[in-house]
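Residue numbers (my numbering): 9 to 436.
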């Protein structure tokens with residue numbers, strides 16, 4: 009019983025300290041219905057061009073969740089973008105937490121840029137509503153990388169006081185930029201060996217690690233059509249040719265990508281790589297498969313002899329590491345929740361992050377929990393709430409939560425059977 013999370017510990021007493029920065033201009037907007045009756049929402053744009061949405065529940069518990077969204081989104085940010093994330097994590101608002109989610113100032117890659125914009129959204133909330141009694145940083149997917157970097161850069165103010173009280177990541181990209189995208193570079197090389205249509209003979213020639221040629225006008229629909237033409241991935245298996253079936257089988261077997269995610273991973277390895285390499289890394293290559301031995305195909309010898317090879321540029325790796333790798337030097341209670349069967353961000357990133365934190369001597373500030381789900385973008389709401397309350401109770405009590413208690417705690421919160429999916433984390 010002592011490990012169960014107590015809702016009574018979430019009541020708030022102290023008055024808020026008013027921030028000293030000018031109050032931002034905002035406009036009232038309709039909240040998603042999922043945010044609950046009585047919740048007020050406002051929208052605004054910060055001085056750097058990032059759009060944000062604030063949700064204030066009628067039963068505000070004087071806690072704030074600062075949300076870092078996933079992606080990265082390569083299109084220009086729009087005012088309504090944060091509403092998708094608010095709807096996805098509305099359980100936090102219904103539980104009494106205020107919420108602010110921001111776009112980043114531009115589309116495209118840039119973890120430090122996104123971290124600065126995330127922290128700026130915290131300051132904007134504090135300026136409008138005063139400093140809450142507790143501020144929790146949350147990152148989802150790539151936003152997990154952003155939240156972890158935000159924690160490393162902005163956890164403390166210039167006097168050593170806390171800007172945040174805890175960090176929660178869900179299905180977070182916690183392996184850092186230099187590791188997170190290697191499998192997609194491998195995917196591009198393996199795909200091209202079998203398909204020879206990305207780039208096609210009609211395209212301006214370019215190495216696959218570039219993502220796309222700088223002058224390419226390829227659309228996402230056209231990319232999908234190319235992938236389907238080679239593999240039949242958008243067709244029922246019975247309508248694929250034997251050649252398409254064989255190519256699809258080999259690509260998936262060698263790369264470990266699941267069939268349902270092939271197009272999305274290829275899309276990231278095309279348009280995100282184009283942005284990352286050509287816009288953020290000066291055209292230099294951060295990826296390396298020079299000594300990779302591919303296996304699992306029908307003819308590994310032919311694959312390894314014929315696949316496109318490339319070597320990473322040390323400066324590109326250093327730039328990417330500076331922007332997106334993590335030091336593990338955490339100073340706040342940090343809780344990570346990850347689906348074991350996440351098809352987009354492998355659960356294996358959790359071991360990488362645990363090792364990074366351990367090397368920094370900060371393991372006492374990290375608790376990691378797993379669910380048996382197979383989704384990436386949205387998990388069960390009961391799991392999000394359990395994790396958030398566990399982190400909040402950790403901050404209040406000073407005692408790290410026991411991962412074994414998350415299942416029982418979740419079942420106390422959820423009246424719907426099957427909504428609690430916490431399982432013991434793998435030990436290997």
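Every residue gets a Cβ at the ideal spot worked out from N, C-alpha and C, and that includes glycine.
Query, Result
"Own chain partners of residue 431 with C-beta closer than 6 Å, once the 5 adjacent residues on each side are dropped", "378 and 380"
"Exposure label - residue 110; buried when at least 16 CB within 10 Å", "buried"
"Span separating the alpha-carbon of residue 305 from that of residue 311", "8 Å"
"For residue 136, the first and last residue of its enclosing alpha helix (DSSP H)", "119-137"
"Selected residue, minimal CA-CA separation from residue 217, among 251, 403 and 276", "276"
"Any 3 or more C-beta pairs closer than 8 Å across the segment 329-336 and the segment 175-190", "yes"
"Residue nearest to residue 307 in terms of C-alpha spacing, selected from 265, 403, 343 and 258", "258"
"Residue burial classification, residue 21 (beta-carbon count within 10 angstroms, cutoff 16)", "Since pLDDT at residue 21 reaches only 32, below the 50 mark, its modelled position is unreliable, and the value read off the structure follows with that caveat. So residue 21 ends up on the exposed side."
"CA nearest to the CA of residue 360, picked from 180, 322 and 309", "180"
"Option nearest residue 317 by Cα separation, candidates 226, 105 and 300", "300"
"Cut-off 8 Å between Cβ atoms - residues of its own chain near residue 314, not counting five sequence neighbours on either side", "201"
"Residue 147 burial status per 10 Å Cβ neighbour count (16 or more: buried)", "buried"
"Three-state class that DSSP yields for residue 60 in the structure shown", "strand"
"Secondary structure of residue 28, DSSP reduced to three states", "Summary for residue 28: the model assigns pLDDT 49, below 50, so the residue's position carries little reliability, and this model does not support an answer."
"Neighbour-count burial assignment, residue 234, 16 or more Cβ in a 10 Å radius", "buried"
"Beta-carbon spacing of residue 266, residue 241 below 8 Å", "no"
"Contacting residues, own chain, Cβ-Cβ under 7 Å from residue 414 (five flanking each side not counted)", "377, 394, 398 and 430"
"Own chain residues within Cβ distance below 6 Å of residue 239, not counting five before or after", "252, 255 and 256"
"Enclosing alpha helix (DSSP H) for residue 107 [first to last residue]", "From DSSP, residue 107 is part of no alpha helix (DSSP H) but of the beta strand (DSSP E) over 106-110."
"Endpoints, the beta strand (DSSP E) within which residue 376 is located", "374-379"
"Cβ-based neighbour list, residue 279, same chain, cut-off 6 Å, excluding 5 preceding and 5 following", "82"
"DSSP-derived helix/strand/coil call for residue 200", "helix"
"Rounded C-alpha distance that separates residue 128 from residue 103", "24 Å"
"Span of the alpha helix (DSSP H), counted from its first residue to its last, around residue 384", "Premise fails: residue 384 is in no alpha helix (DSSP H) and is neither H nor E."
"Short Cβ contact (8 Å threshold) for residue 144 with residue 176", "yes"
"Nearest residue (CA-CA) to residue 346, options 42, 272 and 383", "383"
"Among 46, 59, 66 and 95, nearest to residue 40 - alpha-carbon criterion", "95"
"Contact under 8 Å by Cβ, residue 58 with residue 125", "yes"
"Contacts around residue 91, its chain only, beta-carbon distance under 7 Å, and the 5 residues preceding and following it disregarded", "40 and 61"
"Beta-carbon separation (whole angstroms), residue 401 vs residue 409, contact threshold 8 Å", "7 Å"
"Residue 163 beta carbon less than 8 Å from that of residue 339", "yes"
"Whether residue 117 touches residue 228 by CB criterion (8 Å)", "no"
"Separation of residue 133 from residue 69, as counted between CA atoms", "15 Å"
"Pick from 170, 199, 214 and 244 that is closest to residue 261, judged by C-alpha positions", "199"
"Close-in-space but distant-in-sequence residues of the same chain around residue 76 (CB under 6 Å, 5 per side omitted)", "126, 147, 151, 154 and 155"
"Residue 434 burial status per 10 Å Cβ neighbour count (16 or more: buried)", "exposed"
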